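Participant:
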Ligand code: IPT
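In this note's numbering, the protein residues as written are 697 to 1664.
This is the structure:
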């Protein structure tokens, strides 16, 4: 308590002198508060339903709006966002928050889409991003990362003082929608309380005034609970939970191997917070993300999410991921992911909506519509006459509203079971038929003031309800084919008109009981009985998902049909929908209006017996994408030839390093060859080593650490000696490089006595290890050559190194630090639009051009003019099977949008995001292909395709970026 008072005082002292701060605002009561049950915004309880979204995985600010509107329409009222330090900082002290890094714009877009924000600036974020969000240059900073060591402290404070003010000005109460600030990430692994406290102190000093949270790992119970009142403790600790594991390859059999998935309460004075709840998976086994989507599909979501809601009483949820996006450039952390970070999420990497999206919508709409959920305590459960069906219940202590979770008692059960529940709610005791078909779960509501109605109890679930057109409209649903009953209270017998479907009604003692089977969509109009009219829509899971609830509380709109309703506005009797349609079909609108416009078009409507407007909307026009022709080709790899001029390269002569792994080089103690020590942090790096030959040399023994799936290629005096796999994370733990040195025999007669010999080595860098364990042995594990010797020689080798052009001084800050590595073509701008490739050879197609060791570039252009008012999500597809020897980096208009290759992962399709892709204009595609062997058959057929095509979408401006030549 004392600490809290002090913190408040310190915060006020820090805040008061700031001239820009409106004193009225600074003095105002906090807009975001909380108690045991929930967060409160302006005193109003909210259930926070957040989807994790990473702006850095969608390098097109115009598309941020598309994705965030989809998230909002899918029943979320919030997003959770990591801010990736490495993405913004190429060099100590240098930060960029413009263009695709404009987080101000991202936060503004979220606010406009109606989404609250949980801000997670780390400094450590994990997130399968290179270095877990730590910039490459941090590997050169002394002091253990994720601790209060001095060097690290100075570095992370600088990051926080750049990112915090941006977050602070987007807080609720300051013109934005940030409601929570997440300090660090799963800091359970370490116990440096001073570090955890300092992150929070820095945030407060930078004007962060919303509650501070953190996400504790897995089965919490670590420092944030044990230090509940000590230094480092946060206000609202949260817990991460991934109960379904990441075993995408066994999607059909896996069922909760990592636990029950119920969120632990860590503090009595704060709500239960599911800080990261599994909503997809990384694809460590290369099963493909569609399998991850199956693993974490609707059955899992129903069972685990609904169980968690009712068992833990959590009112803060963040689902990881809502939209995964792309590890474009060299953003991927090497050990768990490849280019796509689709994650099997509800919204795909190509921005498509899935069955998981439908389930989120069903659950999210419910959470938004039924306010008493924000404050519940455990209560006696209804009794069941079938022990196979287990029931758990909660009640709102103020309203008496009851919630009952109905699911199999044995969570592994896959049978279909029915039961009759006897449920005592404030209105009486009711008997309800329930059915659980396989791995499913239902949340039933009783004793609820549903708009102007009184819902005594129902065996159907509530999707949403709204007061529109002078009556309540409620959408309830249940498993197709299951029986349902709904009991509503009246002071006198109401008039019941069944407009559609088969619904029987009986009335006695104030109870109107409706009995039905859930099928298609039944419609019942109930009038009189002492209440305003009610239109009850009784559907199935499937028909419920065809509804969209938009508008404001004062002016709600309910829509059935179209593929997505982004927003609605009612004015002068006309309702306007911003909607996407994937195909022609019906649209039905419940609104205070008589005319309908969808996008720019007037839609002819008729008034239905339900009082709604019914019309038809067209689908999108068909789109034909051009074939990729006119390829030009050029081999590079001049670095391998002995005469290559490397005079401008950096001499690799350092003898000390911050890496815990010290180089075993001869002569002792150096040199250090680690790429990061020379400012080359991302992509490929070249080495050239010179020594005087005797002719007695027998082999070159090298080792390189690249991260998983990396390789290195070796030439001696221009002769290709071969390649080897680079070491991986495993060795950092074991202390010895793995898989061990690559040994390359020197062909007899290649080296002449007394003559200078030149080694040339190209090392891939697949990204930096994360720092999940807060262990510098892991995070500061080097990249590049770590051991080099010539067997049979006593001569010392003079090394030079070359990586991405400019190193930490970016020649292309627009595309940023992660876009290119040190290939000759990358350094020379061959990836850029406007590069003069006319002198290159005409290749026909790269598809089956034979491979030779080294790097070959292909370039072509194509023109697009996609239909206006349509959203065509375009991808690049590699057909056939690429030889294991080949790897391709794909550049679209100069942006590195993917890495393709047999050994990298299962991915064959790459998203070409609008904004980077000129939808109306000329595009340049460049491929940098590295081969480790001769092979016939190239990367296979390459073509454009559409992941999806809808009428609607948002306008996506082209992302401005420089063409060839770069200014510096
Ligand atoms: C959790 C991390 O907090 C998050 O950043 C991400 O890496 C996620 O895992 C996996 O995608 S860590 C949890 C699995 C222990």
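Quick reminder that beta carbons are idealized off the backbone N, C-alpha and C, glycines included. All values derive from a computational prediction rather than experimental measurement.
If distances are taken between C-alpha atoms only, which option among 1554, 1100, 1354, 1542 comes closest to residue 1532?
Facilitator: Here residue 1532 refers to the residue found at position 836 when the chain shown is read from its first residue. Per the Cα distances, 1554.
Participant: Figure out for me which residue from 1121, 901, 935, 823 has the closest Cα to the Cα of residue 910.
Facilitator: The residue you call residue 910 lines up with position 214 of the chain shown. When each option's Cα is compared against that of residue 910, the closest is 935.
Participant: Let me confirm a value: residue 1361 is counted as buried when at least 16 other C-beta atoms fall within 10 Å, else exposed. Which label applies?
Facilitator: Counting from 1 along the chain shown, the entry for residue 1361 is found at position 665. Low local confidence applies: a pLDDT of 49 at residue 1361 is under 50, so the model's placement there is unreliable, with the coordinate-based value given in what follows. With 16 or more Cβ atoms within 10 Å of its Cβ, residue 1361 is classed as buried.
Participant: Should residue 1564 be listed as close to ligand 1, given that the test is whether its C-beta is under 7 angstroms from any heavy atom?
Facilitator: Counting from 1 along the chain shown, the entry for residue 1564 is found at position 868. Every heavy atom of ligand 1 is 7 angstroms or more from the Cβ of residue 1564, so no.
Participant: Reducing DSSP to helix, strand and coil, say where residue 1662 ends up.
Facilitator: Your numbering for residue 1662 matches position 966 in the chain shown. Of the three classes helix, strand and coil, the one that applies to residue 1662 here is coil, per DSSP.
Participant: Over what stretch of residues does the beta strand (DSSP E) that includes residue 1138 continue unbroken?
Facilitator: Locating residue 1138 in the chain shown gives position 442, counting from the first residue. Residues 1137-1146.
Participant: Do three or more CB pairs link the segment 1636-1643 to the segment 1504-1520 at distances below 8 angstroms?
Facilitator: At 8 angstroms Cβ cutoff, the stretches do not touch.
Participant: Residue 1010: which of 964, 1029, 726 sits nearest, CA to CA?
Facilitator: The sequence position of residue 1010 within the chain shown is 314, counting from 1. The shortest Cα separation from residue 1010 among 964, 1029, 726 belongs to 964.
Participant: Can you tell me whether residue 913 sits near ligand 3, meaning its C-beta is under 7 angstroms from at least one heavy atom of the ligand?
Facilitator: In the structure shown, ligand 3 is absent; the only ligands present are ligand 1.
Participant: Say yes only if the C-beta of residue 936 is nearer than 7 angstroms to one or more non-hydrogen atoms of ligand 1, and no if none qualify.
Facilitator: Numbered from 1 along the chain shown, position 240 holds the residue referred to as residue 936. Yes, the Cβ of residue 936 comes within 7 angstroms of a heavy atom of ligand 1.
Participant: Ignore the nearest five residues each way along the sequence and tell me which others in residue 1414's own chain have a CB closer than 7 angstroms to its CB.
Facilitator: Indexing the chain shown from 1 puts residue 1414 at position 718. Correct list, in chain order: 1336, 1337, 1338.
Participant: Got a sec: does ligand 1 put a non-hydrogen atom nearer than 7 angstroms to the Cβ of residue 1666?
Facilitator: Here the chain comprises residues numbered 697 to 1664, so residue 1666 is not present and cannot be evaluated.
Participant: Assuming residue 1023 is part of the alpha helix (DSSP H), what are its boundary residues?
Facilitator: Stepping through the chain shown from its first residue, residue 1023 is reached at position 327. No alpha helix (DSSP H) holds residue 1023; DSSP gives it neither H nor E.
Participant: Give me, in chain order, the residues of the same chain whose beta-carbon lies closer than 6 angstroms to that of residue 1349; leave out the 5 immediate sequence neighbours on both sides.
Facilitator: Position 653 of the chain shown, counted from the first residue, corresponds to residue 1349. Cβ neighbours of residue 1349 beyond the five flanking positions: 1367.
Participant: Going along the chain, which residues of its own chain have a beta-carbon closer than 7 angstroms to the beta-carbon of residue 1306, five neighbours each way excluded?
Facilitator: In the chain shown, residue 1306 corresponds to position 610, counting from 1. Hits under 7 angstroms: 1195, 1219, 1231.
Participant: Taking the C-alpha atoms as reference points, what is the distance between residue 722 and residue 870?
Facilitator: In the chain shown, residue 722 corresponds to position 26, counting from 1. In the chain shown, residue 870 corresponds to position 174, counting from 1. In this prediction, residue 722 has a pLDDT of 48, which is less than 50 and means its spatial position is unreliable; what the coordinates show is noted afterwards. Straight-line Cα distance between these residues: approximately 9 angstroms.
Participant: According to DSSP, simplified to helix, strand and coil, what is residue 1495?
Facilitator: Numbered from its first residue, the chain shown carries residue 1495 at position 799. If DSSP states are grouped into helix, strand and coil, residue 1495 belongs with the strands.
Participant: Which of the three DSSP states is assigned to residue 857 in this structure?
Facilitator: Within the chain shown, residue 857 is the residue found at index 161, counting from 1. Residue state, collapsed to three classes: helix.
Participant: Got a sec, what are the start and stop residues for the beta strand (DSSP E) residue 1266 sits in?
Facilitator: Locating residue 1266 in the chain shown gives position 570, counting from the first residue. Segment 1260-1267, the beta strand (DSSP E) holding residue 1266.
Participant: Could you tell me the boundaries of the alpha helix (DSSP H) in which residue 901 lies?
Facilitator: For the purposes of this step, residue 901 is taken as the residue at position 205 of the chain shown. Unbroken alpha helix (DSSP H) run through residue 901: 889-901.
Participant: Let me know if residue 1427 comes out buried or exposed under the rule of 16 or more other beta-carbons within 10 Å of its beta-carbon.
Facilitator: Against the chain shown, residue 1427 aligns to sequence position 731. Caution applies to residue 1427, whose pLDDT of 49 falls short of 50 and renders its modelled position unreliable; the value that the coordinates give is listed next. Buried is the call here.
Participant: Any heavy atom of ligand 1 closer than 7 angstroms to the beta-carbon of residue 978?
Facilitator: One-based indexing of the chain shown puts residue 978 at position 282. Flag set: Cβ of residue 978 near ligand 1.
Participant: Is the CB-CB distance between residue 1283 and residue 1329 below 8 angstroms?
Facilitator: The residue labelled residue 1283 in the question sits at position 587 within the chain shown. The residue labelled residue 1329 in the question sits at position 633 within the chain shown. No, they are not a contact pair.
Participant: Mind checking whether the beta-carbon of residue 878 lies closer than 7 angstroms to any heavy atom of ligand 1?
Facilitator: For the purposes of this step, residue 878 is identified with residue 182 of the chain shown, where counting begins at 1. No, since every heavy atom of ligand 1 falls outside the 7 angstroms radius drawn around the Cβ of residue 878.
Participant: In chain order, which beta strand (DSSP E) runs of at least 3 residues are fully inside the segment 1243-1305?
Facilitator: Counting whole runs of 3 or more residues, the segment 1243-1305 contains the beta strand (DSSP E) stretches 1243-1247, 1252-1257, 1260-1267, 1270-1276, 1281-1286, 1291-1294, 1297-1299.
Participant: When the Cα atoms are used, what is the spatial distance from residue 942 to residue 985?
Facilitator: What you label residue 942 is simply residue 246 of the chain shown in a count that begins at 1. What you label residue 985 is simply residue 289 of the chain shown in a count that begins at 1. Taking the straight line joining both Cα atoms gives about 11 angstroms.
Participant: To test your reading of the DSSP string, which unbroken beta strand (DSSP E) runs of 3 or more residues are found completely within the segment 1307-1387?
Facilitator: Complete beta strand (DSSP E) runs here, min 3: 1309-1313, 1327-1331.
Participant: Please confirm whether any heavy atom of ligand 1 lies closer than 7 angstroms to the CB of residue 1045.
Facilitator: Within the chain shown, numbered from 1, the residue matching residue 1045 stands at position 349. Every heavy atom of ligand 1 is 7 angstroms or more from the Cβ of residue 1045, so no.
Participant: Under the rule that 16 or more other beta-carbon atoms within 10 Å means buried, what is residue 1476, buried or exposed?
Facilitator: In the chain shown, the residue the question calls residue 1476 occupies position 780. By the 10 Å Cβ count, residue 1476 comes out buried.
Participant: So, do the segment 1177-1193 and the segment 1209-1218 have three or more beta carbon pairs nearer to each other than 8 angstroms?
Facilitator: Because the criterion of three Cβ pairs below 8 angstroms is met, the segment 1177-1193 and the segment 1209-1218 touch.
Participant: Would you report the Cα separation of residue 767 and residue 1018, rounded to the nearest angstrom?
Facilitator: Residue mapping note: residue 767 aligns to position 71 of the chain shown, counting from 1. Residue mapping note: residue 1018 aligns to position 322 of the chain shown, counting from 1. Going by the C-alpha atoms only, they are around 7 angstroms apart.
Participant: Would you give the residue range spanned by the alpha helix (DSSP H) that residue 768 belongs to?
Facilitator: One-based indexing of the chain shown puts residue 768 at position 72. Residues 757-769.
Participant: If you reduce the DSSP assignment to three classes, tell me which class residue 1214 lands in.
Facilitator: Taking the chain shown and counting its residues from 1, the one referred to as residue 1214 is at position 518. Residue 1214 falls in the coil class under three-state DSSP.
Participant: Can you find the residues in the same chain that come closer than 6 angstroms, C-beta to C-beta, to residue 838, ignoring five residues on each side of it along the sequence?
Facilitator: The sequence position of residue 838 within the chain shown is 142, counting from 1. Excluding positions up to five away in sequence, the list reads 847, 1354.
Participant: Looking at the secondary structure, which residues open and close the beta strand (DSSP E) in which residue 746 lies?
Facilitator: Start at 1 with the first residue of the chain shown, and residue 746 comes out as number 50. Start and end: 744-749.
Participant: Between the Cα of residue 1285 and those of 1278, 816, 1271, 1005, spot the shortest distance and give me the residue it belongs to.
Facilitator: Here the question's residue 1285 lines up with position 589 in the chain shown. Selected option, being the one with the closest Cα: 1271.
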